[in-house]
Structure formats: structure tokens, C-alpha cells
Amino acid sequence: MKRSDLGELAGSVGLGAWTAFGVLTMIVIGDGQPLYGDEDLLSWSVTHRPDMAVALARGLTATGTGVIPYVLAVLAGIIAGRTLRRRALAAALCLGCLGAGQAARYGVMALVARPRPAHADWATHASGWAFPSGHTTTAALTAGLLVISVFVRAPRGRTLLALVFGCWGALVGLTRVYLGVHWFTDVVGGWLFALGWLGLCLCAATWWLPEGFITGTTATDPEPTEDHAPQDPGRRGRSRPA
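According to the working numbering, numbering within the sequence shown proceeds without interruption in unit steps and concludes at 235.
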């Protein structure tokens, strides 16, 4: 795949996600109340909380915040790079993508200022505004970086690895609803925000990274080579007639 085609694909996916996120944000701001399905999913979660499930959900949701996502972002950079220098560059870019995405998400949360569900329904600690979900956005961004890294490096079994990373990112978001600290639309907003941000970052990377950094891409289509007929060995050493 050409670098320009990869950049256009990433940009298109990112633009689509940003558009959907913008529409959802306008609905959340305009309505001011839980949206369709939010209260039903929260009510189901509150009434289906055995102790073991709550403990597992708390453990999983804890992986979507703090130092763990940043360690995984560094791991994504190490996986993507093929030399020490490229690994360091990729790790720095992954950390920058995650950190800048976090800052942008905080700004959106402050602007929207959506309240969380009632505190009586919480099964874990939470702080700040609800939309978009911070744990969801962070986990989705980190999972996306890991998925991109395994496809850049193209190891054997990359599809299975990408599926594992993607499931982890999705499940962290769902635990936020199960534990009662977010509405489901907060989680959807986090997924869309992360997808849009990743699309933007990947699009920029395809334009600015050195040629060949992203495995399997080229700057342009390869030029066809001309076929040359082999020289007749019998003619070697023959002198031209006078």
C-alpha cells in the first residue's frame, strides 16, 4: 500500500469518527438528560453485580488509567520499531499521541460538563465529568496504538494479537457502565474520540515519518523494470568481421 493511500484511509476513518463524535456531543449537550438506553443499561448493571464480577470489573477498569496505559504505549513503540533508534522514536510518538489525546479529552469533558449517574449506583471510585469516559478513551487509544504497532511490524499471529488488544480496550469501557460511574453514551463517545484521534495521528505519521518506517508502504508505486534478453554466450569473445 502506498503511504499516501494509508494516510488517506486513516484520515477518512478519523474524519468519520470525529463527525459521529460531534453529532453525539451536540445531542448530549442539547438534551441534558440520559439518552435512549442509558438508564436501562445502568439499571441492568446495578441489579446484576455478584461479588466476583464486581471484583473482576474493578481489576479490569484499573488497567485503563494511571501508569499502565503509558507503559503499554511504550511497548507499542518498541514493537513497531525495527532498530533501537526507530523504537525510541516510535515510543516517543506513541506517548505523545496518548498524552495529547488525554489533554484534548480533558478539554472536551470540561466544555460538555455532563454529570455522572447517581452516586448511589457507583461500585467504584470516580471523579470529574462524565462525557467522554476517560478510562474508555485512554484504553481505546492504547489498544489502538498496540493494534497499529503489530500490523506495522507484521509478526506471525498479528490478527490474534490485534483481537486481544481490541477486546481489552472495549471491555475497559464496558466496565465503566457496569460499575455505574458512566452512561453508555459516555463510553461510545470515548470510543469515537479515540478512533478520531488515532486516525489523525496515523495520517500525520504517514506524511512525516521517514520513508520505509512503516513496513509494507512505499512513497509511490514501484516502477516496472525492463526485461533484457540474456546475451548469447556463443557470441562472447567473437570479433566483428572486418
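We treat Cβ as the ideally placed atom computed from N, Cα and C, and that holds for glycine.
Helix, strand or coil for residue i per DSSP?
i      : result
Pro125 : coil
Tyr29  : coil
Val140 : helix
Thr168 : helix
Ala111 : coil
Gly173 : coil
Thr199 : helix
Thr131 : helix
Thr117 : coil
Gly150 : coil
Ala97  : helix
Ala106 : coil
Is residue i buried or exposed, if buried means 16 or more other CB atoms sit within 10 Å of its CB?
i      : result
Asp214 : For Asp214, the pLDDT reaches just 43, beneath the cut-off of 50, and the residue's location in the model is therefore unreliable, although a value from the coordinates is still provided. The residue in question, Asp214, is exposed, as its Cβ has fewer than 16 Cβ neighbours within 10 Å.
His112 : exposed
Val64  : exposed
Leu153 : exposed
Cys160 : exposed
Met102 : buried
Leu104 : exposed
Ile72  : buried
Ile43  : In the sequence on display, residue 43 carries Pro and not Ile. That one is exposed.
Leu156 : exposed
Tyr171 : buried
Ile141 : buried
Ser120 : exposed
Val16  : exposed
Pro108 : exposed
Gly183 : buried
Leu77  : exposed
His175 : buried
State the CB to CB distance for the pair residue i and residue j, rounded to an integer number of angstroms; the pair is presumed to be in contact (CB under 8 Å).
i      : j      : result
Gly192 : Val39  : Between Val39 and Gly192 the Cβ distance is about 35 Å, and since that is not below 8 Å, they are no contact.
Thr168 : Ala66  : Not a contact, Cβ separation roughly 20 Å.
Leu86  : Gly70  : 7 Å
Pro110 : Leu35  : 6 Å
His128 : Thr178 : With 8 Å as the limit, His128 and Thr178 do not qualify as a contact, their Cβ atoms being about 15 Å apart.
Arg98  : Phe186 : 6 Å
Any heavy atom of the ligand NAD closer than 7 Å to the CB of residue i?
i      : result
Leu167 : The ligand NAD is absent from the structure shown, which contains no ligand whatsoever.
Is the CB of residue i under 8 Å away from at least one CB in chain D?
i     : result
Ala50 : Going by chain labels, chain D is absent from the structure shown, which holds only one protein chain.
Taking the runs of the alpha helix (DSSP H) that are 4 residues or longer, which of them lie wholly in the region 30 to 94? 31 to 39, 44 to 55 and 60 to 73
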